[in-house]
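Just so you know, the sequences run in chain order A, B and C. Counting in our numbering, the first sequence runs from 1 upward without gaps. Counting in our numbering, the second sequence runs from 294 upward without gaps. Counting in our numbering, the third sequence runs from 548 upward without gaps. Positions of the beta carbon are idealized from the N, C-alpha and C atoms, including for glycine. Remember, it's a predicted structure, so these values are computed and weren't measured experimentally. Worksheet for the structure shown next.
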Amino acid sequence: MNFSLFCSALVVPCRFSNTLATKLVERHRKSKLASHTREEAETKDTTVLTAPRDYKFVYPEFLPDPTWWKRDRIREKLEREDMMRRRSVIEIPEFYVGTVMAVESSDKYAPGKKNRFVGICIQRGGHGLRAGFTLRNVIDGQGVEVQYDLYNPTIIRLEVLKLEKRLDDELLYLRDAPQEYSTVPFDMEPVVLPPGIAVPINTMKVKLGPRPWHERWERQELKGVEDLGLPERFYKRAAEVAKPWQKHDLMRDYRLAINEDETEEIMTDVYGKMQGIETQQKLRRRQGPGPAK
Amino acid sequence: MALITRIEKVQVVHHGPPEDCTLLMNKDLSTPFSVAMHIGELLMTRSVVALVNGEPWDMHKPFTEDCELQFLHFKDDQPDIPNQVFWRSCSFILGSILERAFKEEIHVELCSFPRPNVRSGSFVYDADLKLPDWKPTSAELNCLSRIGAKLQHDDIRFERLDVDISVALKMFQDNRFKILQIPSIAAQSPSGNSVPVYRMGDHVDITRGPLMSSTQHIARYSVTTVSDIDSPDFGRLKRIQGLAIPKQLPVSDA
Amino acid sequence: MLRIPIKVTARKLPHAGGRGSGPQGRINKMRKLVTALIRHERIEGQYQWVDEARGYAERLILEAQRNGDTHKGTMEMADYWLLEKDLVHKLFKVLVPRYTNYPASFTQLWSLGETFPGRPVPMAVLELKGNPWPPVVPKERDQRNSLVNILLDQARKDYRQQKYESIAALELNKQSEQQTSNIDDSSASTS
């Protein structure tokens, strides 16, 4: 007799007494005696138009505030319609934190009653009509940040000069970095990306200046920052106040975000309306710039 | 040697708990009970009758062809067939009690029992007891009941046999009622000259069937009344009535 | 979207992982409960623990169903939440197919009442739907047509019938008595 065969017959795979074999469970589950546990299956209608999966990153402001006591489905829907109405008038391009943008807004004190500001987007947030972003630039050796509301009617034109993403969700640490990291020339020419390409990610690492800082950057998990070069006690304290369990807290994530089904519903709604608006904008672009408003 | 024939196989598809399955059984040899033995003890003990191709079938009657099989018991959602079968079997048992209970000099001639009807509240056997003026006391009725109730411990099977009309006439030659009935029963059978006969232990009686699998299903059995009737065909008879409850449906004593 | 009602804020459960264990202890306790649930398909425990663990189990199965076993983040979550690693296979290969096109929640919570004697602690049973165990609430059979009930029904009907007949007989007697008395009166008046 073959020795290995003999061994395989003798050596039974060890199983703890308090564990259940999945096979056994499935057999009993499918038994007719367990007919009480079966539920009717539901078929999902797949013919409905659905938005691409990354749509919620392209238009994050359409997602409402997930705070439970601020939710109001009707207000959210009305706000979405208002946003769409604004978008049909003004072209709001796709942009991310780290994108270099130019904003032309009406300012009654400025010469020509117009103001143009160019800067790097360091923050983006807010929900619905209250969505906004912050641009940062250095002017005459002085760091300047301007906060804009995305749906502010005084904004005349939004222009993306260099579309890219950065490694972090917020670039607030640029305030503590040397000025060359946030300096953008006002006469910067728009960088045109080849069509059909994914948004490039700028993996540049920023070297922060010496302390004191605006925030304790060592306590935040920043990816776009070079080694901070702090004494050991700072990292020790950071480890003490860290909350590593939050990373895997599924229910915390669930409560702090709009859930996926609702996101899909909203984005499908948005997707349907954006199709029409985009065709209008293409037509307008082909006709050339009309009379200024 | 002629009696030993080649064993053929039939395909039996079982529907119902614990799981649907298909078995290859021996033709004219295997019974629904042997299928139950293959599947599980629960089916052996609780099944009263089987449904073979939608027809009620004895638990101990061999298969004759490929079929679909289902087992029935008293707690089914629609227990009409088991109820009827139980009632018929109890009438059959009442006949055997009447034959056994009396002294040897009293020759009891069993006549017949009508179609089982549970709603009537009692199962019935008509017989000529040769005791025209007998008014049974409660003690006597109790004795009759006990014979029936004790059968549950014996676990006697009901076995079916289709016999030829001539054999049937010979079997029941000392019973004047059965001899009168046999030709009409044989005429109703598919072949025209066979009589369905059931055996429970020593007792043999003619009935169309099916009967339940064994006497172990009886929990309570009582013979309640004996009354006089006038039958248009067979003259003056005694009608014995009883009541029984199956083991699967417990009733409180209190 | 979860198919279960959840509290708008999470329970803190400060002592779930032992006294002073804090939020990390809470998550550890939740991991143990979720692992036990996926393993045994039915667990019993304090209501607040089990109810809290229910959300995590639901979310884990939902994520597994939505993203599949090729999604890196989901696999990492499964690896974190299932302490016994053979359950990762069970999650993706057994539970996800089981709950394909499932319209309702994947788990069921049964309240067991409070413990007695001693300090009352509300207890509960949490189970995965479609488990092989006997049901917590047994299925009721339709017993109307059982032999005993047929006999009892018929007896009841007979009793009522007898009662009506006796009442009818009494009424008849009364009427006949009245009639006879009327006749007596009339005869008396004519005479």
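Proximity to residue i [Cα-Cα], best of the options
i	options	result
L629 of chain C	C:A583, C:L717, C:D689 and C:G665	C:A583
Q377 of chain B	B:K396, B:D498 and B:W350	B:W350
C383 of chain B	B:S545, B:V417 and B:T357	B:V417
S693 of chain C	B:V411, B:C436, B:S506 and B:G494	B:V411
S652 of chain C	C:R666, C:A604 and C:F639	C:A604
V342 of chain B	B:M352, B:R450 and B:P425	B:M352
R255 of chain A	A:K70, A:T22 and A:K30	A:K70
S524 of chain B	B:R513, B:F470, B:L437 and B:V544	B:F470
L172 of chain A	A:F133, A:E262 and A:I201	A:F133
K396 of chain B	B:P409, B:A512 and B:L422	B:L422
D249 of chain A	C:R550, C:G572, C:K619 and C:G565	C:G572
A131 of chain A	A:W213, A:D227, A:P153 and A:V191	A:P153
F117 of chain A	A:D187, A:H127 and A:I74	A:D187
I478 of chain B	B:P325, B:S405 and B:S438	B:S405
W427 of chain B	B:R450, B:L530 and B:A295	B:L530
N346 of chain B	B:I300, B:E361, B:R513 and B:V456	B:E361
Neighbourhood of residue i by C-beta, 6 Å cutoff - its chain only, sequence neighbours within 5 removed
i	result
T50 of chain A	T268
T518 of chain B	Q534
Q509 of chain B	Q445 and D448
G554 of chain B	Because chain B spans 294 through 547 in this model, residue 554 of chain B falls outside it and cannot be assessed.
S520 of chain B	R532
Exposure of residue i, with buried meaning 16 or more beta-carbon neighbours within 10 Å
i	result
L208 of chain A	buried
L607 of chain C	buried
Y55 of chain A	buried
N468 of chain B	buried
V357 of chain B	One detail in the question is off: residue 357 of chain B reads as Thr in this sequence, not Val. It is exposed - the Cβ of T357 of chain B has fewer than 16 other Cβ atoms within 10 Å.
M204 of chain A	exposed
D94 of chain A	One point to set straight first is that residue 94 of chain A is Glu, not Asp, in the sequence displayed. Exposed, because fewer than 16 other Cβ atoms sit within 10 Å of the Cβ of E94 of chain A.
Q655 of chain C	buried
D633 of chain C	exposed
I522 of chain B	exposed
S733 of chain C	Because the pLDDT at S733 of chain C is just 49, under 50, the model does not fix this residue reliably, and the value given afterwards should be weighed accordingly. Exposed is the call here.
W68 of chain A	exposed
N137 of chain A	buried
Q280 of chain A	exposed
Q466 of chain B	exposed
Q541 of chain B	buried
L699 of chain C	exposed
F57 of chain A	exposed
A292 of chain A	In this prediction, A292 of chain A has a pLDDT of 44, which is less than 50 and means its spatial position is unreliable; nothing more can be read from the coordinates.
Same chain, Cβ closer than 7 Å to residue i, neighbours up to 5 away in sequence not counted
i	result
W596 of chain C	L560, A563, K576 and L580
T621 of chain C	E610, A611 and N614
L129 of chain A	E79, D82, M83 and Y151
D313 of chain B	H307
G677 of chain C	R645
L719 of chain C	none
S415 of chain B	T517, Q534, G535 and L536
S723 of chain C	none
D457 of chain B	N486 and S487
Residue i and residue j closer than 7 Å at C-beta
i	j	result
K297 of chain A	V199 of chain A	Because chain A here runs from 1 to 293, residue 297 of chain A falls outside it and cannot be looked at.
L336 of chain B	F364 of chain B	yes
I475 of chain B	V488 of chain B	yes
D149 of chain A	K223 of chain A	no
I139 of chain A	S182 of chain A	no
Q123 of chain A	E189 of chain A	no
M251 of chain A	A557 of chain C	yes
D689 of chain C	D370 of chain B	yes
A238 of chain A	R219 of chain A	yes
S515 of chain B	S431 of chain B	no
T22 of chain A	V641 of chain C	yes
F326 of chain B	M505 of chain B	no
D261 of chain A	H214 of chain A	no
8 Å contact criterion, which residue i and residue j should meet: CB distance rounded
i	j	result
M101 of chain A	L158 of chain A	7 Å
I277 of chain A	S88 of chain A	5 Å
V381 of chain B	P407 of chain B	In the sequence as displayed, the identity of residue 381 of chain B is Arg instead of Val. The pair is not a contact, with the Cβ atoms about 10 Å apart (cut-off 8 Å).
I399 of chain B	G441 of chain B	No, I399 of chain B and G441 of chain B are not in contact; Cβ-Cβ is about 19 Å, not under 8 Å.
V672 of chain C	E588 of chain C	Between E588 of chain C and V672 of chain C the Cβ distance is about 11 Å, and since that is not below 8 Å, they are no contact.
Same chain, Cβ closer than 8 Å to residue i, five either side skipped, listed in chain order
i	result
P178 of chain A	K207 and G209
T315 of chain B	Q304, V305, V306 and H307
K463 of chain B	none
H636 of chain C	none
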